[in-house]
Amino acid sequence: MSTAKKSIIDFIKSYTSENLDIKYEIELIFQDVLNCKKIDLYTNKNLSINNNQGQIIDDYVKRVKSGEPVQYVLSKAPFYGRFFFVTQDVLIPRFDSELIIDILNQHEVCDKLLEIGVGSGNLAVTIAAEQLANEIIATDISQKKLDIAIHNKKNICPNSKIKFIIDDFFNSHLCPNEKFDIIISNPPYIPQHQIVHLDNSVKNHEPIDALTDGYDGFNFYKQFALAGNDLLKENGFMLLEIGVDNDLKSLYDIFSMYDFKVYKDINKIPRVIKIS
Numbered sequence: 014m015s016t017a018k019k020s021i022i023d024f025i026k027s028y029t030s031e032n033l034d035i036k037y038e039i040e041l042i043f044q045d046v047l048n049c050k051k052i053d054l055y056t057n058k059n060l061s062i063n064n065n066q067g068q069i070i071d072d073y074v075k076r077v078k079s080g081e082p083v084q085y086v087l088s089k090a091p092f093y094g095r096f097f098f099v100t101q102d103v104l105i106p107r108f109d110s111e112l113i114i115d116i117l118n119q120h121e122v123c124d125k126l127l128e129i130g131v132g133s134g135n136l137a138v139t140i141a142a143e144q145l146a147n148e149i150i151a152t153d154i155s156q157k158k159l160d161i162a163i164h165n166k167k168n169i170c171p172n173s174k175i176k177f178i179i180d181d182f183f184n185s186h187l188c189p190n191e192k193f194d195i196i197i198s199n200p201p202y203i204p205q206h207q208i209v210h211l212d213n214s215v216k217n218h219e220p221i222d223a224l225t226d227g228y229d230g231f232n233f234y235k236q237f238a239l240a241g242n243d244l245l246k247e248n249g250f251m252l253l254e255i256g257v258d259n260d261l262k263s264l265y266d267i268f269s270m271y272d273f274k275v276y277k278d279i280n281k282i283p284r285v286i287k288i289s
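Just add 13 to wherever you are in the sequence shown, counting from 1, and you've got the working numbering.
Here you go:
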């Protein structure tokens, strides 16, 4: 990148002239390197780019144009107004999952909450930061994922009560004498045969075990149906994220012994089910 006298807007235009679809990613890169807000890119005429910053931006943009998600390039992803450290060991937090936080905000603060598959910790840490649960237990099968979640907890809400446990949900000895008010999860719900159709930025970079159960996308829901009564308090409930390819009738059949409610996202797409 030539850093001759040029406005930030002109720099952004030069990177997006051939592909406007990456404008969001380019803006995130500029915000990160220049340590500023999006509005500053377009309104702060005092912003400038030195040679070192220009080289970093060039390198980042090349990685994004090659198909690498900008969140992995920057090692951070936004979620519910906070930034979370991410690597390719964890799924990128997405806006869709914020619906779970919105639903919890409609309820009273719960005593004990369990998350299965904590990943980066975006849900558990946000719940702690928003003070929506007094005690949180967060599990994952991968120590690498837990380490990232612990890192985010220390950075975002170091004094919160989150207990991180490595655990295989399908062979679990988790909290045998404990029951929870709420269980949450964004499980791997993409059917194995659909992986090939995903965008390259997803299937080539995000952890496959966070995307699919290796089968039809329903294995985790079946396990929740089996384990729910053992893990939930009498008036407890589960909030489980679902995918656009998860047939609602099949999910309803899986949870036929429970009360079943569907929440839609801002695009009116079924996104979360409440099981009680």
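For every residue, glycine included, the Cβ atom is placed at its ideal position computed from N, Cα and C.
Remember, it's a predicted structure, so these values are computed and weren't measured experimentally.
Whole angstroms is fine: what's the gap from residue i's alpha carbon to residue j's?
| i | j | result |
| --- | --- | --- |
| Arg284 | Leu136 | 15 Å |
| Asn190 | Ser27 | 60 Å |
| Pro200 | Leu253 | 7 Å |
| Ile288 | Ile179 | 24 Å |
| Cys170 | Gln144 | 10 Å |
| Val215 | Thr29 | 21 Å |
| Thr225 | Ile208 | 8 Å |
| Asn168 | Gly134 | 11 Å |
| Gln6 | Ile195 | For the chain, the structure presents residues 14 to 289; residue 6 sits outside this window and is missing. |
| Gly294 | Phe183 | There is simply no residue 294 to check, as the chain begins at 14 and stops at 289 in what is shown. |
| Leu239 | Asp181 | 15 Å |
| Ile42 | Gln84 | 9 Å |
| Phe273 | Tyr73 | 44 Å |
| His210 | Thr152 | 29 Å |
| Lys192 | Lys176 | 15 Å |
| Ile70 | Gln101 | 20 Å |
| Ser155 | Asn217 | 19 Å |
| Arg76 | Ile113 | 32 Å |
| Lys50 | Leu33 | 20 Å |
| Met251 | Ile161 | 24 Å |
| Leu60 | Lys78 | 25 Å |
| Ala244 | Phe237 | In the sequence under discussion, the amino acid at residue 244 is Leu, which differs from the Ala named in the question. Spanning the two alpha carbons is a distance of roughly 9 Å. |
| Gly80 | Asp212 | 9 Å |
| Ala223 | Arg107 | 13 Å |
| Asp23 | Val103 | 34 Å |
Run the CB neighbour count on residue i, radius 10 Å, all protein chains shown included, and call it buried at 16 or more, exposed below.
| i | result |
| --- | --- |
| Tyr265 | exposed |
| Gly256 | buried |
| Thr139 | buried |
| Lys158 | buried |
| Thr56 | exposed |
| Leu261 | exposed |
| Phe149 | One point to set straight first is that residue 149 is Ile, not Phe, in the sequence displayed. It is buried - the Cβ of Ile149 has at least 16 other Cβ atoms within 10 Å. |
| Ser110 | buried |
| Ile21 | buried |
| Leu87 | buried |
| Gly132 | buried |
| Asn165 | buried |
Quick one: residues in its chain with C-beta nearer than 8 Å to the C-beta of residue i, no 5 flanking neighbours on either side, listed in chain order?
| i | result |
| --- | --- |
| Lys89 | Asp45, Phe96, Phe97, Phe98 and Val99 |
| Lys58 | Ser20 |
| Lys36 | Ile25 and Thr29 |
Cutting at 6 Å between CB atoms, please list the residues of its own chain near residue i, excluding the five before and the five after it.
| i | result |
| --- | --- |
| Ala146 | Cys123, Leu126 and Ile140 |
| Ser198 | Ile129, Gly130 and Leu253 |
| Ile39 | Ile25, Tyr28 and Thr29 |
| Lys18 | Its pLDDT being 49, under 50, Lys18 is placed unreliably by the model, and nothing is read from it. |
| Leu117 | Leu145 |
| Lys246 | Lys192 and Asp194 |
Could you round the C-beta distance between residue i and residue j to whole angstroms and report it? I think they count as a contact, below 8 Å.
| i | j | result |
| --- | --- | --- |
| Phe231 | Ser263 | 6 Å |
| Ser173 | Ala142 | 7 Å |
| Tyr271 | Gly241 | 7 Å |
| Lys235 | Ile267 | 6 Å |
| Val275 | Ile286 | 6 Å |
| Leu47 | Gln66 | 7 Å |
| Ile221 | Asp258 | Actually they do not touch by this definition, with Cβ atoms about 16 Å apart. |
Using C-beta distances below 7 Å, list every residue in its chain close to residue i, excluding the 5 sequence neighbours before and after it, in chain order.
| i | result |
| --- | --- |
| Gln205 | Thr225, Gly227 and Tyr228 |
| Ile105 | Pro82, Gln84, Ala90, Val99 and Glu219 |
| Lys277 | Pro283 and Arg284 |
| Ile163 | Phe177 |
In chain order, each beta strand (DSSP E) run of at least 3 residues that lies wholly inside the segment 240-275: 245-254
Beta strand (DSSP E) runs contained entirely in the segment 23-110, provided each spans 3 or more residues: 89-92 and 95-98
Whole runs of the beta strand (DSSP E) within the segment 164-226, excluding any shorter than 3 residues: The segment 164-226 contains these whole beta strand (DSSP E) runs: 175-179 and 193-198.
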